[in-house]
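Below is one structure, written out as structure tokens, with a few remarks after it.
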Amino acid sequence: MILSVTLSKPAGDIEKKLGRPYQKIKFKLVNTADGALYQEEMFTKTQVFHNKMTEAELSKFLDANVGTTFKNCVKRTENEEITLLTNKKGKITELRKTINVTSTPLKVLPAKKKNYLLPEGAPVPFLVLLGIMNDEGKVISSRHDKFRQINRFLEFIDDILPEFADKTKEEESLRIADFGCGKSYLTFAVHYFLTEIRHIPCEIEGLDLKEEVIKYCNDMAQKLELKGLIFHTGNIADYSGSHSPDIVITLHACDTATDFALKYAVERGARAILSVPCCQHQINTQLQTRGKADGAEGEVPAEFEPLLKWGIIREKFSSLVTDALRGEWLEQQGYKVQMLEFIDMEHTPKNILIRAIKKAGVLDTASPSQPPELMKSLGITPEFYK
2 MILSVTLSKP AGDIEKKLGR PYQKIKFKLV NTADGALYQE EMFTKTQVFH
52 NKMTEAELSK FLDANVGTTF KNCVKRTENE EITLLTNKKG KITELRKTIN
102 VTSTPLKVLP AKKKNYLLPE GAPVPFLVLL GIMNDEGKVI SSRHDKFRQI
152 NRFLEFIDDI LPEFADKTKE EESLRIADFG CGKSYLTFAV HYFLTEIRHI
202 PCEIEGLDLK EEVIKYCNDM AQKLELKGLI FHTGNIADYS GSHSPDIVIT
252 LHACDTATDF ALKYAVERGA RAILSVPCCQ HQINTQLQTR GKADGAEGEV
302 PAEFEPLLKW GIIREKFSSL VTDALRGEWL EQQGYKVQML EFIDMEHTPK
352 NILIRAIKKA GVLDTASPSQ PPELMKSLGI TPEFYK
């Protein structure tokens with residue numbers, strides 16, 4: 002069995018073949034409990050990307066790329082190291098080296114099984130329909146990341162349910178708005194979790210700009226015969242729902258769409274907000290131009306210049322500044338705010354979750370707030386301060 006593989010010395014057309022200018026790719030055996038599973042690390046000059054492959058997928062990848070996409074390959078088994086070197090004419094030279102078997106063998110422990118809120122092994126209708134599970138309840142190997150993401154989000158939902166003990170005790174429906182719902186993996190998951198596992202009635206509205214996506218979601222809800230779940234086409238910026246939500250959720254609502262969702266939640270008096278922001282372009286653009294934003298004083302201070310010099314650093318800095326200001330603004334509106342890790346960075350770089358719980362006795366409308374010093378010193382004006 003292959004324990005590890007390292008591919009190096011990429012060909013000049015690697016970006017065309019694999020989508021990115023990888024300089025090196027490593028594979029490492031991480032699990033043998035349900036068949037061999039390999040962790041893949043793909044290195045560019047400035048970034049590292051992760052993936053997982055089965056033994057069959059690894060074999061197919063090596064057949065397609067060793068000697069062509071990558072000129073060098075080093076494979077290691079339990080007792081041998083095999084090096085494949087490709088010259089300019091495409092001829093492959095194979096070198097084999099026996100590994101000292103008297104040393105302590107490498108032990109690969111089976112992965113610990115996690116207790117998910119939506120457990121594996123029992124078919125969940127919406128997961129089957131979305132292609133995440135098969136009819137027997139086994140998660141499709143290529144969809145494990147999505148399965149973990151869904152369960153992680155449900156843990157956050159479960160954590161905030163005590164805030165609604167008064168409503169659940171009276172068996173009142175929880176009203177939830179999902180802004181930028183997309184194909185609504187989380188929307189269906191929250192509905193199933195509340196109604197089928199926690200036995201809490203709920204009314205959930207999903208909103209997205211794409212008509213074909215909303216039609217797809219409504220068709221799915223009808224096919225599954227779900228009650229209290231409906232989807233609308235619309236823009237978060239000018240949306241006006243018929244009922245004020247108890248909970249507002251957003252997953253990767255792009256740029257200022259997150260701000261409009263937060264503002265809607267505050268103005269409608271939502272008691273809980275769960276938001277995973279994405280693509281914070283607005284402040285990045287303001288910092289890039291170095292200009293004075295509306296209502297802001299002064300240019301960007303010289304102390305911040307090293308953070309703005311390189312595009313990739315400025316982008317990450319802008320994202321953190323945006324989310325920090327969002328958190329501060331929510332605190333000014335009477336919410337207890339936490340910044341939490343949504344899911345491992347290897348699955349998505351957009352992994353900060355803003356959890357805001359409304360404090361008791363706070364009015365149900367947004368009030369004017371004093372712009373933070375950071376905002377004034379950088380000369381920026383986020384959407385929620387306009």
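Taken in order, the sequence shown gives residues 2 to 387; the numbers are from the numbering used here.
Using N, Cα and C, we set each Cβ at its ideal position, and we do this for glycine too.
Residue ranges of uninterrupted beta strand (DSSP E) with 3 or more members, entirely inside the segment 197-278 and ordered along the chain, are 203-209, 230-234, 248-255.
When DSSP reads this structure, R21 sits in no beta bridge, so it has no partner. For the 8 Å CB-CB criterion, Q283 and E206 do not form a contact. F232 has its alpha-carbon roughly 8 Å from the corresponding atom of K216. Beta-bridge partners of F62 (DSSP): none assigned. Between V214 and G183, the CB-CB gap stays under 8 Å.
Taking the C-beta atoms as reference points, K147 is found no nearer than 8 Å to I158. In the DSSP assignment, Q289 falls within the unbroken alpha helix (DSSP H) covering 282-290. Judged by their CB atoms, E42 and V49 are nearer to each other than the 8 Å cut-off. When the Cα atoms are used, I344 and L118 turn out to be separated by approximately 15 Å. Taking a cut-off of 8 Å on C-beta distances, the segment 195-202 does not touch the segment 267-280, as fewer than three cross pairs fall below it. With contacts defined as CB atoms closer than 8 Å, I100 and E121 fail to qualify as a contacting pair.
Contact fails between the segment 308-324 and the segment 239-248, because fewer than three Cβ pairs, one in each stretch, are under 8 Å apart. Residue pairing of I93 in beta bridges, as defined by DSSP: T87. Y193 and I3 have their C-alpha atoms some 41 Å from each other.
Note on geometry: alpha-carbon atoms of N352 and Q150 lie some 10 Å from one another.
When secondary structure is reduced to three states using DSSP, K377 falls in the helix class. Per DSSP, reduced to three states, the secondary structure at T188 is helical.
Looking at the backbone, the Cα of L155 and that of I93 are separated by about 51 Å.
Going by beta carbons, L225 and L354 fall outside the 8 Å limit. R356 sits buried, since 16 or more C-beta atoms from the chains shown fall within 10 Å of its C-beta.
The secondary-structure analysis by DSSP pairs R327 with nothing; it has no beta-bridge partner.
If only complete runs of 3 or more residues are kept, the segment 119-196 shows the beta strand (DSSP E) at 175-180, in order along the chain. Collapsing the DSSP output to three states places S370 in coil. The continuous beta strand (DSSP E) containing E42 extends over residues 38-44. Shortest Cα-Cα distance from I250 to any of E197, G380, I358, N285 involves I358. Put simply, the backbone Cα of S185 is about 22 Å away from that of K264. Ranked by how close their Cα comes to the Cα of Y23, the residues V6, T70, N88 have T70 in first place. Note: Y336 is bridge-paired with K359 in the DSSP secondary-structure output. Spanning the alpha carbons of K46 and R21 requires a straight line of approximately 10 Å.
Separation of L63 and I248 (C-alpha to C-alpha, rounded to the nearest whole angstrom) is 48 Å.
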